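Numbering (UniProt numbering), first residue to last: 1 to 211.
Here a beta-carbon is modelled for each residue, glycine too, at the ideal position from N, C-alpha and C.
The structure displayed is predicted, hence computed values, not measured ones.
Here the structure is laid out as structure tokens; the discussion comes afterwards.
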Amino acid sequence: MKYPYILFDLDGTLIDSNELILTSFMYSLEQFNPGKYTREDVQNIMGKPLLEMMTTFNAENAEELVRVYRKHNLEHHDSLVTSFPNVVETLKTLHENGHKMALVTTKQRQAAMKGLALFGLDQYLEATVCLDDTDKHKPDPEPLRLAMQAIHADPEKTIMVGDNPADILGAHNTGVASCAVSWSMRGAEYLKQYNPDYLIDDMLELLDIVK
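And the structure:
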């Protein structure tokens, strides 16, 4: 195998939580800054840890914004989240083919596990590294290295799959291959400027890349 070890981002990569995230952000921001921010403002900084994002919008009330966001997010999670096409099928096939897979996300563990379980993706992952597990986050290499240690991955045979610049840069900083997904909210052309090693339009394409 070229890449027996695969690291996945969660939101915007495996599961389509974009509407949930945007709705939760707008609900939270409207509590403190009604009418001040748009969905585009949120999209422009997505991929960073939640507290860091909220601090950008309202440093004084950032922690309360996070609390309101998480409550709204969990309450509406199952009704607003879907899986992207062929994600479940691809992970199942990779698992059957002997690939070792791990999740690397800036999402809090409770919410991340909820998203994985909703579509049965947790059964295919051997490790999950969430916001709670590290002091530093993507694009810093710390969370990727922690995931790689958990699945005993060789950097030269590891690939990171994600929808965000932080995923691509995190891969670069860790010395592993990177694969961007074109269904990113920001679009394929935006991600190309970060020079991913691969760019896919359908998760099934990953099967040929890693074999």
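Contact between the region 184-195 and the region 152-167 is present: 3 or more CB-CB pairs across the two stretches fall below 8 Å. In this structure, N58 lies near L65, with their beta-carbon atoms less than 8 Å apart. Rounded to the nearest whole angstrom, the CA to CA distance from D133 to M113 is 13 Å. Straight-line measurement puts the Cα of A188 at about 8 Å from the Cα of A180. Contact annotation, L80 with L14: C-beta distance approximately 15 Å; criterion of less than 8 Å not satisfied. Within 10 angstroms of the beta-carbon of R67 lie fewer than 16 other beta-carbons, which makes it exposed. A distance below 7 Å between beta-carbons, with the five flanking residues on each side excluded, links K107 to the following residues of its chain, in chain order: L10, D11, C130 and L131. Taking C-beta atoms as the reference points, T174 and P141 count as a pair closer than 8 Å. Taking a 10 Å sphere around the C-beta of T38, we find fewer than 16 other C-beta atoms and assign the residue as exposed. A117 counts as exposed, since fewer than 16 other beta carbons sit within 10 angstroms of its beta carbon. Secondary structure at K100: strand, using DSSP grouped into helix, strand and coil.
Of all alpha-carbon atoms in K36, N18 and P49, the one lying nearest the alpha-carbon of D135 is that of P49.
The Cβ-Cβ distance between D154 and Y27 does not fall below 8 Å. With respect to K2, V210 sits close: the two C-beta atoms are nearer than 8 Å. In the DSSP assignment, T128 falls within the beta strand (DSSP E) that extends over A127 to V129. In this structure, the CA atom of A171 is about 29 Å from the CA atom of H77. Taken in chain order, the unbroken stretches of alpha helix (DSSP H) that lie wholly in the region 127-153 and span 4 residues or more are 142-150. DSSP places G162 within a strand segment (E or B) once states are collapsed to three.
I45 counts as exposed, since fewer than 16 other C-beta atoms from the protein chains shown sit within 10 angstroms of its C-beta. As DSSP reads the structure, I45 sits in no beta bridge.
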